[in-house]
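The structure under discussion appears below in the form of structure tokens.
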Amino acid sequence: LERHFAGGPLAGLKAVVTSGPTHEPIDPVRYIANRSSGKQGHAIAGALRRLGASVTLVSGPTGLPDPPGVETVRVETAVEMRDACEAALPADIAICAAAVADWRVEAAGQKLKKREGGGAPELSFAENPDILAGLAGHASQRPRLVVGFAAETQNVIEYAETKRQKKGCDWIVANDVSPDTGTFGGDRNSITLIGAGEPESWPPMAKTAVAERLADRIARFFGSTP
Ligand code: CTP
Ligand code: CA
Numbered sequence: 183l184e185r186h187f188a189g190g191p192l193a194g195l196k197a198v199v200t201s202g203p204t205h206e207p208i209d210p211v212r213y214i215a216n217r218s219s220g221k222q223g224h225a226i227a228g229a230l231r232r233l234g235a236s237v238t239l240v241s242g243p244t245g246l247p248d249p250p251g252v253e254t255v256r257v258e259t260a261v262e263m264r265d266a267c268e269a270a271l272p273a274d275i276a277i278c279a280a281a282v283a284d285w286r287v288e289a290a291g292q293k294l295k296k297r298e299g300g301g302a303p304e305l306s307f308a309e310n311p312d313i314l315a316g317l318a319g320h321a322s323q324r325p326r327l328v329v330g331f332a333a334e335t336q337n338v339i340e341y342a343e344t345k346r347q348k349k350g351c352d353w354i355v356a357n358d359v360s361p362d363t364g365t366f367g368g369d370r371n372s373i374t375l376i377g378a379g380e381p382e383s384w385p386p387m388a389k390t391a392v393a394e395r396l397a398d399r400i401a402r403f404f405g406s407t408p
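Residue numbers (full-length UniProt numbering): 183 to 408.
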């Protein structure tokens, strides 16, 4: 595999990609999670690898196979995902495509039981680390190119640009998930790339095609900034 992928435009560069949801346990048998198939993140990891990058994919639970030639680290929670990303540094490129749970639950050590006479349990939440912001603001090992995703249902470009500035990442892939695009959970994506010059709106295309095009854009970036 090493030989098969050698010599592409990203040869010699290291990439870390996050993908999929995180699962945050409530108790040993229950969790909360975001909806995410992991298709887009996994496709990006594969596309970067095919251009010659050495890739670590940090993935939450998905039903997807590990992309060929990609070192895949499987995690469950946001904290584990953050730790696995940190362990994968130094890297030249970081792409955060995971749908990370914004909060974790103060989990119970034993299965919560229904109570005699009814009544729902109270859950208490803590904020999860922001992995993208942590990489973009990394004190000692900031990757040269840090790319985030923003799934929005309205004011897509404006909200995504605000998110890019707040997180401190270089590029953000704004993903229009409004119901009329019909893309959420499917195989296609409708995106605008923000931060790489003027915003670029790409026509709706397969997630695999978005991944190839993004990998090409990244190769162009590294080709023009030695
Ligand atoms: N992200 C992350 N770690 C988190 C939350 C988000 O790395 N704890 C990353 C996602 O992978 C994505 C980007 O941040 O690349 C934007 O995620 P999003 O959920 O849209 O942004 P939030 O800042 O969490 O804002 P909100 O959910 O309130 O819209
Ligand atoms: Ca969020």
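Cβ atoms here follow ideal geometry from the backbone N, Cα and C, with glycine treated the same way. Since the structure is predicted, the reported quantities are computational estimates derived from the model, not experimental observations.
### Query
The alpha helix (DSSP H) with residue 316 in it runs from where to where?
In the DSSP assignment, residue 316 falls within the alpha helix (DSSP H) that extends over 313-318.
### Message
I believe residue 318 touches residue 267 by the beta-carbon criterion, under 8 Å. Please report the beta-carbon distance rounded to the nearest angstrom.
### Response
Residue 318 to residue 267, Cβ: 12 Å. No contact.
### Query
Regarding residue 400 and ligand 1, is the C-beta to nearest heavy atom distance less than 7 Å?
no
### Message
The beta strand (DSSP E) that contains residue 196, what's its start and end?
### Response
For residue 196, the enclosing beta strand (DSSP E) begins and ends at 196-201.
### Residue burial classification, residue 353 (beta-carbon count within 10 angstroms, cutoff 16)
buried
#### Entry: Sequence-distant residues of its chain with Cβ nearer than 7 Å to residue 256 (five each side left out)
241
### Query
Any idea which residues DSSP pairs residue 387 with across the strands?
371
### Query
Since residue 342 is in the beta strand (DSSP E), which residue starts that stretch and which ends it?
Element bounds for residue 342: not the beta strand (DSSP E) but the alpha helix (DSSP H), 338-349.
### Task
Take every Cβ of the segment 219-233, pair it with every Cβ of the segment 199-210, and state whether three or more of those distances are shorter than 8 Å.
yes
### Message
I'd like the span of the alpha helix (DSSP H) that includes residue 268, first residue to last.
### Response
260-270
### Message
Less than 8 Å between the C-beta atoms of residue 346 and residue 368, yes or no?
### Response
no
### Query
So, are the CB atoms of residue 357 and residue 337 less than 8 Å apart?
Against a cut-off of 8 Å, the Cβ pair of residue 337 and residue 357 comes out as no contact.
### Task
Pull up the distance between the alpha-carbon of residue 388 and that of residue 402, whole angstroms please.
21 Å
### Query
Between 332, 398, 209 and 194, which lies nearest to residue 303 when the distance is taken from Cα to Cα?
209
### Query
Which same chain residues, not among the five before or five after residue 211, have their C-beta less than 6 Å away from its C-beta?
293
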